[in-house]
Amino acid sequence: MNELKFEELLDAGCHFGHLKRKWNPKMAPYIFKEHNGIHVIDLQKTIAKADEAAAALRQMAKSGKKVLFVATKKQAKEVVAEMAKSVDMPFVTERWPGGMLTNFQTIRKAVKKMNSLDQLMHDKDFNNISKRERLQVQRERAKLDKNLGSIADLTRLPSALFVIDINKEHIAVAEARRLNIPTFALVDTNTNPDLIDFPIPANDDASKSIAAILKHMCEAIQEGLNERALDKDAQTEEEAPVAEAAEAPVEKKTRARRPRKSEEAPKAETEEAPKAE
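Under the numbering used here, think of the first position of the sequence shown as 124, with each following residue one higher.
Take a look at the structure:
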């Protein structure tokens, strides 16, 4: 995992906060200074918090856990979708469906419905129904895919949430807190970092800033996935000789069979036969 460099964050504009009048006082520990009425974020603390979050994400990926990325704001959608796909993690970049975590079974039913529509559309009899019904099915399928397509493979609750702009995604954060799901997030100067388990102080409005932080997080996740794959290979190699030994035919020890009485040789006569006179 590459180190997060101060100059890289500076070039990406990660240090730009909001106007002083919009700040949240709980962000005071992460603010370096005020410049022309705008708060400047302390990038040294950004690096420290980002490394802490990356280490936790790496361990989760190594354990085979899923992290759900959430970003519905325009400047973050494409970046988050691209980064999440690169590490095979689920993401939500359209509308956050209310109750997605707290009412997860209902969301799974919608995903199953989407899969059933797929089967219907690939059925040979699909073209036999009326054009109007075909259009209705296709539109419903497109709508479900837009909202839930990125989480179709999420068969259980995610182990963590990574959120961009916790003010905009306050419903997602509230649901995760209610279910005690760990949260990671970029926290700007107008947010409350106490709501997040792993806050990363940085500009959450600029796409370059979001990309710089997410790149570091995804590298950590990829490293965890690689370590998991290596562990699986090592375990397979260890189990192979044991399996071969178990499958090998066991040679039965043969014991010499005692001859039966009928098979025993006649005993030699101890007395000599009488000689003829």
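Glycine included, each C-beta is placed from N, C-alpha and C at the ideal position. If you're wondering where the values come from, they're calculated on a predicted model, not measured in any experiment.
- Residue Lys196 holds the alpha-carbon nearest to the alpha-carbon of Ile333 among Lys196, Ala179, Lys269.
- Per DSSP, Thr216 lies in no alpha helix (DSSP H) segment and is marked neither H nor E.
- DSSP links Ile287 through a beta bridge to Leu309.
- Within its own chain, the residues whose Cβ lies closer than 7 angstroms to the Cβ of Asn315, once the five positions on either side in sequence are excluded, are Asn147, Lys149, listed in chain order.
- For Lys208, there is no enclosing beta strand (DSSP E); the residue is found in the alpha helix (DSSP H) stretching over 197-209.
- Per DSSP, reduced to three states, the secondary structure at Gly272 is helical.
- Under the DSSP assignment, Glu157 falls outside any alpha helix (DSSP H), being part of the beta strand (DSSP E) whose first and last residues are 154-158.
- The region 253-265 makes no contact with the region 297-310; the number of CB pairs closer than 8 angstroms stays below 3.
- Residue pairing for Val193: DSSP places it in a beta bridge opposite Val215, Val286.
- Residue pairing by DSSP puts His162 in a beta bridge opposite Glu157.
- As a beta-bridge residue in DSSP terms, Leu142 pairs with Ile161.
- Under the three-pair Cβ rule at 8 angstroms, the region 175-195 counts as touching the region 203-212.
- Between the region 340-357 and the region 172-188 there are three or more C-beta pairs closer than 8 angstroms, enough to call the two in contact.
- Note that the C-beta distance between Ile294 and Leu309 is not below 7 angstroms.
- Here Trp219 has Val193, Thr195, Glu292, Ile294, Ala295 as same chain residues with Cβ atoms under 8 angstroms from its own Cβ, once five neighbours each way along the sequence are excluded.
- Minimum Cα-Cα distance from Lys145 among the listed residues Ile161, Glu130, Tyr153, Gly136 corresponds to Ile161.
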